[in-house]
Amino acid sequence: MDILNLIRISAKALLRNKTRSALSMLGIVIGIAAVIAVVNLGEGLKQSTANQLSDMGTNLIMVMRANQRRGGVSMGSSNVQSLKVKDCELIAKNAKNITMVSPVVNSGGQLVNGSKNWSGTVYGGSPDYLEIKKYEIATGVNFTDEDVKKYAKVGVIGHTIVEELFDEGEDPIGKTIRVGNIPFKVIGTLKERGENSMGMDQDDLVVMPYSTVQKRMLGVDYIQQIVCSAASEDVAEAAVEEIENILRASHKIPDGGDDDFEVRTQQEMLEMMSSMTGMITTVLVAIALISLLVGCIGIMNIMYVTVTERTKEIGLRMSIGAKNSAILLQFLTESIILSLIGGVIGLLLGIGLSYIVALVMSLPFIINPLWMVISFVSCAVLGLISGFFPALKASQTDPINALRYE
Amino acid sequence: MSTPSIIKVENLKRTFIVGSEQVHALKGVSFDICQGEFVSIMGSSGSGKSTLLNILGCLDQPTAGEYLIDGISVRERTKNELSEIRNRKIGFVFQSYNLLPRTSALENVELPLVYNSDVSHKERHERAQHALELVGLKDRMGHMPNQLSGGQQQRVAIARALVNDPVIVLADEATGNLDTRTSYEIMSLFQSLHEQGKTIAFVTHESDIAVFTSRTIFLRDGHILRDEPVATKSATEALAALPVENDY
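From first to last, the protein sequence lines stand for chains A and B. With our numbering as the guide, the letters of the first sequence map in order to residues 1 to 406. With our numbering as the guide, the letters of the second sequence map in order to residues 1 to 248.
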């Protein structure tokens, strides 16, 4: 018996029981759709994280305060006051692979303009801060080195702050608003950037000279972070080493001593983030695979019922000359057809689902072709496995008893 | 006899083991069926006629004795070989028609040829059409079994038994589910097939059906009680003699 004939026989048998075929297919459909949707979304999430991170800065290198032990007591990284403006100056002077450096000191505060107020974050930095972090001036100007020297009470504000503190159409440039009790003049606004991958609003910020934030707002002499821009992505590793050497020397850390700072590149952060999203994706795929397994058990179940219900048909087919192998192949083909059609529908459904979710969550829509192939092949294999035992049972039917079966 | 034997049975025995007991269903049966014969096999239940039919139909194998169909010995054949013999040499007609539901008459008739790879798709179609014409259902080819009367369904089943051009048609109580008028119509069809030279073995327990055949083998308790020619009655005439029913 040729394959085409076999497929015809099986397809006809399936079509005779449309509802049951559709129901048994449903498990596979949902399983495959779940796997495809999760994999595609995970891929999109990864891509989106990468995009957002590269948006965070130009070849960004961040120097953070590290957890430190003093006399066996862990200080907690936020209490460490080891980073100073002097470190920035040393990096700017000595690190050849670094093009821009800015200290970062931030402070929260209530922003007030007349009757309107908003709780925002103030970032203190050097004039390079905006470029390092890839912010662009929309209107007005950035502050200057002169402003840093003079502890000038000037600031550049993000789009969210413009919206919250000013009426529509009102020009914020030149207006004086307050952070807590300190009034400052708005000299520029930033172009809108939207949310990052963690859902944080990147437009909710005020950037001021670091000296102003240090002296006028916080009254401290340390800084919380240093952000730098490497000359290119290729020299990022070398730049990290330079910074580490400069800071170890500056902080007088003996050889073998623990650093009181931590240097991270954008690449490392990207890897960290993708390992996180990767883990989430893996867990979700595992759950989706379980639903696929349940779908297969569903097919096996239905095939067993089908074999019992069609005992008489099997008997008849045998009595008119169907070999045992023909019966086995017929039922096997039926289950493979079921799972393959279910797989294709699930594939399309999964793609559609991930497209819609990507659209809603404004993630990039990416199709992972490898997983499409994997799920399609696994469909065929699962169909084969879940159909085998029922088909075997069918082929071992005794035609004499089967013909008498009611 | 000048005509060749289609079926040759010699000292056929079949023993079943039920629990610890041995049940002898056939205790040594011998007969020949020649080409073109219309034989009825009669007997009450328990006489062994079902067992005999299963063996004749190559669904079962004898415990002892020889069975030749169309000159081929059935003993020590594999399951696959038996399937092939059933497919090429035997046409079955069952009491309960055994048509595939939700499948057209034509496709039901095509079914035996589906399992014969020597028959092309086109030839299968043509032969099935021809078989349906032979049983007088030319205009019902596309009908589903549930759109056909009992008699018509049995005609489809007979067409299915004829489509592979078997050496013998085995009918198992083929009129058992039908009323008298329809039974006579079916017997009339069998008689006309017989006239066209088909070899038919008809298992029944109704003697008024057996009179339409040309020879009867009586079985009792696993033995042949009688094997004798019948003064054949014409089913067509019997049909005409039936009182006219005017209830529809």
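Just so it is clear, CB atoms sit at the ideal spot from N, CA and C, and this is done for glycine as well.
- The beta-bridge partner set that DSSP reports for Asn87 (chain B) is empty.
- Taking 9 Å as the Cβ-Cβ cut-off, the stretch 106-133 of chain B approaches chain A at Glu107, Leu111, Pro112, Val114, Tyr115, Asn116, Ser117 and His121, given in chain order.
- It is roughly 47 Å from the alpha-carbon of Thr199 (chain B) to the alpha-carbon of Met25 (chain A).
- Taking a Cβ-Cβ cut-off of 8 Å, Pro62 (chain B) has no neighbours in chain A, whose nearest Cβ is about 14 Å from it.
- Bounds of the beta strand (DSSP E) holding Asn117 (chain A) are Lys116 to Gly125.
- Taken atom to atom, the span from the alpha-carbon of Gly155 (chain A) to that of Pro127 (chain A) is near 11 Å.
- Taken through DSSP and simplified to helix, strand or coil, Phe166 (chain A) comes out as coil.
- Bridge pairing for Gln22 (chain B): B:Ile17 [DSSP].
- Of the other Cβ atoms in all chains shown, fewer than 16 fall within 10 Å of the Cβ of Asn11 (chain B); this residue is therefore exposed.
- In this structure, the straight-line span from the alpha carbon of Leu165 (chain A) to that of Lys175 (chain A) is close to 11 Å.
- DSSP places Thr204 (chain B) inside the beta strand (DSSP E), whose first and last residues are Ile200 to Thr204.
- Residue pairing by DSSP leaves Pro172 (chain A) without any beta bridge partner.
- Between the alpha carbons of Val263 (chain A) and Ala231 (chain A) lies a gap of roughly 16 Å.
- Contacts between Asn177 (chain B) and chain A, judged by CB atoms closer than 7 Å, are missing: the closest CB pair is about 13 Å apart.
- In this chain, the beta strand (DSSP E) harbouring Ala230 (chain A) covers Gln225 to Ala230.
- Rounded to whole angstroms, the separation of the alpha carbons of Tyr115 (chain B) and Ala25 (chain B) is 32 Å.
- Residues of chain B with a Cβ closer than 7 Å to the Cβ of Ser24 (chain A) do not exist; the shortest Cβ-Cβ separation is about 18 Å.
- Taking 8 Å as the cut-off, the Cβ atoms of Leu83 (chain A) and Val63 (chain A) count as close.
- In the structure shown, Gln153 (chain B) adopts helical secondary structure according to DSSP, grouped into three states.
- In the DSSP assignment, Thr189 (chain A) is bridged to A:Thr139 and A:Ile157.
- If you compare the alpha carbons of A:Ala238, A:Tyr129 and A:Thr333 with that of Ser10 (chain A), the shortest gap goes to A:Thr333.
- For Asp118 (chain B), there is no enclosing alpha helix (DSSP H), as DSSP gives it neither H nor E.
- In this structure the stretch 13-32 of chain B does not lie against the stretch 385-404 of chain A, because fewer than three pairs of beta carbons, one per stretch, are closer than 8 Å.
- By the neighbour-count criterion, in which 16 or more other beta carbons inside 10 Å mark a residue as buried, Thr189 (chain A) falls on the buried side.
- Between the alpha carbons of Asn117 (chain A) and Gln110 (chain A) lies a distance of about 7 Å.
- Of the candidates B:Leu134, B:Val135, B:Glu133 and B:Glu110, B:Glu110 places its Cα closest to the Cα of Glu123 (chain B).
- Straight-line spacing of the CA atoms in Ile290 (chain A) and Ser375 (chain A) works out to 13 Å.
- Residue environment for Gly387 (chain A): buried (at least 16 other C-beta atoms within 10 angstroms of its C-beta).
- Under the 8 Å criterion on CB atoms, Lys323 (chain A) is classed as interfacial with respect to chain B.
- The C-alpha of Val93 (chain B) is placed about 21 Å away from the C-alpha of Asp32 (chain B).
- Residue pairing for Leu4 (chain A): DSSP places it in no beta bridge.
- If you check each beta-carbon in the stretch 161-177 of chain B against every beta-carbon of chain A, the ones closer than 8 Å belong to Asn164.
- In the DSSP assignment, Asn106 (chain A) is bridged to A:Tyr123.
- For Ser83 (chain B), at least one C-beta of chain A is nearer than 8 Å to its own C-beta.
- Ser274 (chain A) is not a Cβ neighbour of Ile98 (chain A), given a cutoff of 8 Å.
- Taking the Cα of Glu84 (chain B) as reference, the smallest distance to any Cα among A:Ala402, A:Leu328, A:Arg317 and A:Leu382 is reached at A:Arg317.
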